[in-house]
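Visitor: Residue numbers (our numbering): 26 to 306. All C-beta atoms in this analysis are idealised placements derived from N, C-alpha and C, irrespective of residue type, glycine included. If you scroll down you'll find the structure; I have some questions about it.
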Ligand SMILES: Cc1ncc(COP(=O)(O)O)c(C=O)c1O
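In structure tokens form, the structure reads like this:
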């Protein structure tokens with residue numbers, strides 16, 4: 026008889042919840058999104074759905090109706106009743122007994138959670154500490170795939186060092202991005218934001234794209250170039266950008282204080298500009 030053991034109990038394989046046979050668990054064979062709402066309004070839903078659609082197509086899950094995904098997101102969000110919420114959803118290729126090569130007629134699995142999102146008071150003023158860590162990820166980081174082990178390990182090392190985020194550094198010695206966030210540096214002399222050009226080595230962050238758009242309202246140009254950790258540590262301000270927190274100042278980088286050690290004036294201007302967009306649209 027074909028059997029499965031779940032913790033201490035043995036079952037016939039055919040009787041277990043198909044969630045245990047999800048290819049997402051076996052292979053990370055799926056893609057995901059994280060969105061947030063501000064005051065009852067989901068932020069940048071179209072942009073997130075567009076990126077999700079692209080991620081699906083890039084891993085050849087091509088039978089998903091994105092309009093249905095939108096309906097599911099909106100329906101669950103409305104049912105939650107949260108004004109400020111964090112929503113996570115993923116689609117995996119489906120459930121079946123483990124085999125690298127997927128079966129032909131699999132039904133993709135959809136999973137979504139919504140939680141209340143409470144912003145950490147003072148975080149935007151006091152900022153966060155970060156440390157660098159090797160970028161151990163695969164060569165398609167532009168796909169928001171469920172394979173996040175290198176990101177998880179980086180984050181665990183950061184926590185051990187008393188940091189909130191790990192800034193990943195590739196084999197060429199350049200910063201790619203945060204383990205779960207985009208990264209910007211402010212060059213105050215050139216009045217510009219420096220960020221890595223988009224490519225297969227970073228996620229096309231939605232928050233990054235919003236920051237790039239609002240920068241000119243804050244008197245900042247955009248310079249797309251790669252930075253080493255030493256170059257970043259010399260910059261006047263550093264920024265972490267991610268959907269769940271939008272813009273947060275980085276005040277310590279590998280133990281070195283950045284700027285005055287609190288939120289810099291350019292970062293503050295960006296935070297205010299972002300809030301206008303997120304809270305009043
Ligand atoms: C590796 C990585 N880079 C960047 C980001 C920021 O992306 P977004 O602004 O779309 O949340 C995330 C967010 O989860 C991430 O995991």
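Is there at least one non-hydrogen atom of ligand 1 closer than 7 Å to the beta-carbon of residue 206?
Guide: True, at least one ligand heavy atom lies under 7 Å from that Cβ.
Visitor: Is the distance from the Cβ of residue 140 to the Cβ of residue 95 below 8 Å?
Guide: No. Outside cutoff.
Visitor: Tell me whether residue 299 sits in a helix, a strand or coil according to DSSP, three-state version.
Guide: Residue 299: helix per DSSP, three-state reduction.
Visitor: Nearer than 7 Å: is that true of the beta carbon of residue 134 relative to any heavy atom of ligand 1?
Guide: Answer for residue 134: no, Cβ out of range of ligand 1.
Visitor: DSSP on residue 197, reduced to helix/strand/coil?
Guide: Correct three-state label for residue 197: coil.
Visitor: Is there contact between the region 52-66 and the region 99-117, where contact requires at least three CB pairs shorter than 8 Å?
Guide: Result yes; three or more Cβ-Cβ pairs closer than 8 Å.
Visitor: Between 68, 86, 42, 174, which lies nearest to residue 271 when the distance is taken from Cα to Cα?
Guide: Nearest option by C-alpha distance: 68.
Visitor: Any heavy atom of ligand 1 closer than 7 Å to the beta-carbon of residue 240?
Guide: Residue 240: no, Cβ never under 7 Å from ligand 1.
Visitor: Nearer than 7 Å: is that true of the beta carbon of residue 98 relative to any heavy atom of ligand 1?
Guide: No; taking the cut-off as 7 Å, the Cβ of residue 98 has no heavy atom of ligand 1 nearer than that.
Visitor: Does ligand 1 have a heavy atom nearer than 7 Å to the CB of residue 192?
Guide: No, Cβ of residue 192 sits at least 7 Å from all heavy atoms of ligand 1.
Visitor: Distance check for residue 42 and residue 164, CA to CA, integer angstroms please.
Guide: Between residue 164 and residue 42, the C-alpha separation is close to 33 Å.
Visitor: Whose C-alpha, out of 157, 121, 253, is nearest the C-alpha of residue 184?
Guide: The shortest Cα separation from residue 184 among 157, 121, 253 belongs to 157.
Visitor: Quick one: what's got a C-beta closer than 7 Å to residue 216's C-beta in the same chain, skipping five residues either side?
Guide: Contacts found: 244, 245, 246.
Visitor: Give a yes or no on contact between the region 190-208 and the region 89-104, applying the rule of three or more CB pairs nearer than 8 Å.
Guide: Contact fails: fewer than three Cβ-Cβ distances are below 8 Å.
Visitor: Checking 8 Å against the spacing of the C-beta atoms, do residue 287 and residue 150 come in under that value?
Guide: Result yes, Cβ atoms of residue 287 and residue 150 sit closer than 8 Å.
Visitor: For residue 273, count neighbouring Cβ atoms within 10 angstroms of its own Cβ and tell me buried if that reaches 16, exposed if not.
Guide: So residue 273 counts as buried.
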